[in-house]
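Take a look at the structure set out below.
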Amino acid sequence: MNTISSLQEIQQSAESLRKSGKKVAVVPTMGYLHDGHASLIRIARQHADCVITTIFVNPLQFGPNEDYTRYPRDIDRDTKIAAAAGTDLLFTPSSEHIYPAGYLTNVSVEHLATLLEGKFRPTHFKGVTTVVAKLFHLTKPHCAVFGQKDAQQVVIIKKMVKDLNFDIDIIVGPIVREPDGLAMSSRN
Ligand code: PAF
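The numbering used here runs 439 ahead of the 1-based position in the sequence shown.
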């Protein structure tokens with residue numbers, strides 16, 4: 440498994456994979472990987488020749504009083520889990536490169552982003568769709584795998600893909616649970 444942090448390098452790698460006829464899958468994550476993420480990577484493996492796992496704690500999807508700075512991070516552990524689950528390329532961009540000074544553009548799925556969790560986290564889904572759209576442009580996948588655990592996120596991403604004509608299949612992986620039934624999450 441190779442790790443790439445440069446935006447230009449991931450775009451070039453994705454482009455040459457596509458040109459050589461390889462099917463590319465992306466698994467977007469915010470890291471601190473667990474068995475739920477590993478299952479999404481294994482599902483991606485079944486659908487593609489090359490699996491790109493992305494690790495980026497996206498500041499745009501955290502509200503002002505949320506846990507962005509305290510969100511757990513462990514890149515060494517994540518690297519081992521991502522490789523063992525079948526990742527070919529690990530993409531670990533920096534916040535400064537994803538959102539350089541002067542960054543102004545957002546992607547928002549109107550209405551759906553204001554319901555349910557969106558009522559309590561008014562900017563959350565705009566942050567998710569903005570970064571996912573950027574990750575799609577950077578990794579140029581044929582398909583992308585997301586967990587059913589974040590059911591509203593899945594609905595919103597599918598709507599963005601349809602409305603913006605992204606030529607990407609969205610695959611949804613089942614919830615993976617702890618022995619006591621709790622859905623696995625990096626925040627647990
Ligand atoms: O589900 C997540 O971990 C995040 O919301 C995602 C899709 C990686 C975007 O930052």
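C-beta atoms are modelled at their ideal positions from N, C-alpha and C, and glycine is treated no differently.
Out of the options, point me to the one whose CA is closest to residue i's CA.
i, options, result
"residue 510", "540, 535, 471", "471"
"residue 389", "606, 562, 596, 573", "Nothing about residue 389 can be reported from this structure: the residues present for the chain run from 440 to 627 only."
"residue 526", "584, 459, 592, 596", "584"
"residue 488", "465, 505, 508, 507", "465"
"residue 580", "492, 603, 478, 513", "492"
"residue 626", "461, 496, 543, 460", "496"
"residue 506", "600, 457, 563", "563"
So what's residue i in DSSP terms, helix, strand or just coil?
i, result
"residue 608", "strand"
"residue 456", "helix"
"residue 467", "strand"
"residue 572", "helix"
"residue 492", "strand"
"residue 596", "helix"
"residue 501", "coil"
"residue 509", "coil"
"residue 481", "helix"
Which same chain residues, not among the five before or five after residue i, have their C-beta less than 8 Å away from its C-beta?
i, result
"residue 619", "none"
"residue 533", "444"
"residue 449", "443, 491, 528, 530, 532, 577, 578"
"residue 513", "470, 471"
"residue 462", "486, 487, 488, 489, 581, 582"
Ignore the nearest five residues each way along the sequence and tell me which others in residue i's own chain have a CB closer than 6 Å to its CB.
i, result
"residue 622", "588, 614, 616"
"residue 560", "502"
"residue 473", "623"
"residue 476", "468"
"residue 545", "565, 569"
"residue 516", "none"
Are the beta-carbon atoms belonging to residue i and residue j less than 8 Å from one another?
i, j, result
"residue 573", "residue 537", "yes"
"residue 577", "residue 446", "yes"
"residue 591", "residue 556", "yes"
"residue 519", "residue 551", "no"
"residue 521", "residue 440", "yes"
Can you list, in chain order, the residues of its chain with a C-beta nearer than 7 Å to that of residue i? Leave out the 5 residues immediately preceding and following it.
i, result
"residue 452", "443, 528"
Check whether the segment 489-504 touches the segment 563-574, taking contact to mean three or more Cβ pairs, one atom from each stretch, closer than 8 Å. yes
Under 8 Å, with one C-beta from each stretch per pair, do the segment 477-486 and the segment 517-532 reach the 3-pair mark? yes
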